Amino acid sequence: MGARFPVVLKRASAGGWFMAVKFFGQFLVEQRAVSADQILEAIRLQETRNLKFGDMAIQMGLLTDRQMETAHKAQRREDLPLGDMLVKLGFLNNFQREAIIAKQKSQHLYIGEALVEIGAVDHSKLEHYLNEFKLDQAAYITDDIEMPDEVPHPDFCRFCADITYKLLTRMAGVRHRPVPAQVVDALEGNDVVVSMNMLGSVNAMFIVSVSRDIMVAIAKSVLEIDDITPEPDEVLIDTVKEFANVVLGNVVAKAQIKGYKIEIVPPELLEVGDGLIAVPEEMVGVYFPVVVPDGSRCEFALFVAP
Amino acid sequence: MHKVLVVDDSITVARQLQKIIEGSGDLQFVGHAKNGAEALKMKATENPDIVCMDMSMPIMDGVQTLRAMIAKDPNAKVVMISSLAGVGDKFNEVIKLGAKNVLAKPFEGEQVLATLRAVLAGV
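In the order they appear, the protein sequences are chains A and B. Residue numbers are given in the numbering used here: position 27 of the first sequence equals residue 27, and the series is strictly consecutive. If you want the numbering used here, it's the position in the second sequence, counting the first as 1, plus 1000.
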């Protein structure tokens, strides 16, 4: 047996590991390349150019205001994207729907281009900042993580696992080795179990389950203190909740870039003790534990609806 | 010294920011409000130069509170905090409402200070 406590990595220096998934405009403001007011002006320009699906269809003469209103009413009864609903109602055919999407894509004005257009930044500087931005975000590019075949939304689960592993090292300072993900019906209880729900393109529950020594390691790293003795359990547990919150915030930000729309619900402490956490019948339980140096328990899971 | 008010329901985030602010030398931590209602009261009593506020909180969330704060003081300097900072829609929404920037979590101390100083300097 090794040391009782997991190895806590030294915190990284400025600009090193403590990066987060960001929006390009936010990165530019941080770099002082543009001001918040210029971002605002660029956003307004984007809004005049980047038409929503229905507005683009009307502008292309493929849809009337009345038909769009009918489709919006129908969406209250059936959860379908507008394009699919318009096809279902017979107002558009598949070819027209694809043509509208293609036109939206070809006319899309990105924030960087909008900033150039309003004169906030020139082309060469924009290219420079884009490269810097890519470097800043490179830490969030997903490596190959295998997911069992029966896992729904495998891409989403893959980058959820990837960001969890990365932030476990970078934010919580816990050195670990991932174990391949597996499908389970239930999880064993643990000293501290925190859950967070996600709703939207993916409906799922994210679970962070840690033994007390891992919670202590997370608290020491997150609060940057060596002695946690004076800290009440409430504070230590809050650091695990905050870890889960930051992980999912970054997952959702990355998911949006990939086209997902997801809302997250604040973390909750699950009082499970030695009991089991059963995966709800209509969901698939994806379990991705990590091995920590001293054999403590640090486990993650996603209960995902198909 | 510029006075900073932190608004976040998480004890962890408040403690992290307090430590960063107190170690800065030019910024003063004047208090921690746990929700939007408390934040509006403390904004009036503590008169901070800048407010760091979480986007999602119970009772009155960050976006609602930002709207109320800006309505009362259009020159208020507010930087939002979010693990969702990378979500473009959220970023656009709060910038339009008058926030000066968004701090992404996890934090990096120097970046937090650089952002707060830039906003205070009106950059």
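We put the CB at the ideal spot given by N, CA and C, even for glycine. Everything numeric in this text was worked out from a predicted model, so none of it was measured.
Out of curiosity, what's the CA-to-CA distance linking Phe156 (chain A) and Ile262 (chain A)? The residue labelled residue 156 (chain A) in the question sits at position 156 within the first sequence. The residue labelled residue 262 (chain A) in the question sits at position 262 within the first sequence. Each residue's Cα considered, the two are about 11 Å apart.
Neighbour flag for Lys10 (chain A) against chain B, beta carbons, 7 Å: Here residue 10 (chain A) corresponds to residue number 10 of the first sequence, with the count starting at 1. Because Lys10 (chain A) sits at a pLDDT of 29, beneath the cut-off of 50, its placement in the model cannot be relied upon, and the point is left open.
Need the endpoints of the alpha helix (DSSP H) that Lys1072 (chain B) sits in, please. Numbered from its first residue, the second sequence carries residue 1072 (chain B) at position 72. Gly1062 to Lys1072 is the extent of the alpha helix (DSSP H) around Lys1072 (chain B).
Counting Cβ pairs closer than 8 Å, one from the segment 1024-1041 of chain B and one from the segment 1077-1086 of chain B, do we hit at least three? no
For Val29 (chain A) and Ile39 (chain A), which I take to be in contact (beta-carbon distance under 8 Å), what is that distance rounded to the nearest angstrom? As a first step, residue 29 (chain A) is located in the first sequence; it is residue number 29 there, counting from the start. As a first step, residue 39 (chain A) is located in the first sequence; it is residue number 39 there, counting from the start. At roughly 6 Å, the Cβ-Cβ gap stays under 8 Å, so Val29 (chain A) and Ile39 (chain A) are in contact.
At a Cβ cut of 8 Å, what residues of the segment 1091-1116 of chain B count as close to chain D, listed as they run along the chain? This model lacks chain D altogether, as its protein chains are A and B.
For a contact meaning CB atoms closer than 9 Å, what does Ser1024 (chain B) contact in chain A? The count along the second sequence starts at 1 and reaches residue 1024 (chain B) at position 24. Simply none; closest approach about 13 Å.
Burial state of Ile1059 (chain B) (16 or more Cβ within 10 Å): For the purposes of this step, residue 1059 (chain B) is identified with residue 59 of the second sequence, where counting begins at 1. Result: exposed.
Do Ala71 (chain A) and Leu89 (chain A) come within 7 Å of each other at the CB atom, strictly closer than that value? Residue numbering aside, residue 89 (chain A) sits at position 89 when the first sequence is read from its first letter. Residue numbering aside, residue 71 (chain A) sits at position 71 when the first sequence is read from its first letter. Yes.
Three-state secondary structure (DSSP) at Val7 (chain A)? Taking the first residue of the first sequence as 1, we reach residue 7 (chain A) at position 7. With a pLDDT of only 30 at Val7 (chain A), under 50, the local geometry of the prediction cannot be trusted, and the value read off the model is given with reservation. Of the three classes helix, strand and coil, the one that applies to Val7 (chain A) here is coil, per DSSP.
Proximal residues, the segment 31-45 of chain A versus chain B, C-beta separation under 8 Å: Against chain B - using a Cβ distance shorter than 8 Å - the residues of the segment 31-45 of chain A are Arg32, Ser35, Ala36, Ile39, Leu40 and Ile43.
As assigned by DSSP and simplified to three states, the class of Ala1076 (chain B): Translated into the one-based positions of the second sequence, residue 1076 (chain B) becomes position 76. DSSP places Ala1076 (chain B) in coil when its eight states are reduced to three.
Quick one, are the C-beta atoms of Val272 (chain A) and Asn197 (chain A) less than 7 Å apart? Locating residue 272 (chain A) in the first sequence gives position 272, where the first residue counts as 1. Locating residue 197 (chain A) in the first sequence gives position 197, where the first residue counts as 1. No, these two residues do not count as a Cβ contact at 7 Å.
For Val279 (chain A) and Gln1064 (chain B), the rounded distance between their alpha carbons: Sequence index remark: in the second sequence, residue 1064 (chain B) carries index 64 (1-based). Sequence index remark: in the first sequence, residue 279 (chain A) carries index 279 (1-based). Going by the C-alpha atoms only, they are around 35 Å apart.
Does any residue of chain A have a CB that is nearer than 7 Å to the CB of Thr1065 (chain B)? Taking the first residue of the second sequence as 1, we reach residue 1065 (chain B) at position 65. With 7 Å as the cut-off, Thr1065 (chain B) does not count as an interface residue toward chain A.
Under 7 Å from the C-beta of Val1013 (chain B): neighbouring residues of chain A: Position 13 of the second sequence, counted from the first residue, corresponds to residue 1013 (chain B). Residues of chain A passing the Cβ test: Glu242.
Whole beta strand (DSSP E) runs in the segment 173-217 of chain A with 3 or more residues, listed along the chain? 182-184, 186-188, 192-200 and 204-210
Compute the Euclidean distance between the alpha carbons of Arg212 (chain A) and Asn131 (chain A), then round it to the nearest angstrom. The sequence position of residue 212 (chain A) within the first sequence is 212, counting from 1. The sequence position of residue 131 (chain A) within the first sequence is 131, counting from 1. Straight-line Cα distance between these residues: approximately 42 Å.
Answer yes or no: do Ile1011 (chain B) and Asp238 (chain A) have a C-beta to C-beta separation smaller than 7 Å? Translated into the one-based positions of the second sequence, residue 1011 (chain B) becomes position 11. Translated into the one-based positions of the first sequence, residue 238 (chain A) becomes position 238. Yes, Cβ-Cβ distance for Ile1011 (chain B) and Asp238 (chain A) is below 7 Å.
Touching by the beta-carbon criterion (3+ pairs, under 8 Å), the segment 186-206 of chain A and the segment 1015-1022 of chain B: no
Does the distance from the C-beta atom of Leu1120 (chain B) to that of His1002 (chain B) stay below 7 Å? Working through the second sequence from its first residue, we reach residue 1120 (chain B) at position 120. Working through the second sequence from its first residue, we reach residue 1002 (chain B) at position 2. The answer is yes: Cβ separation under 7 Å.
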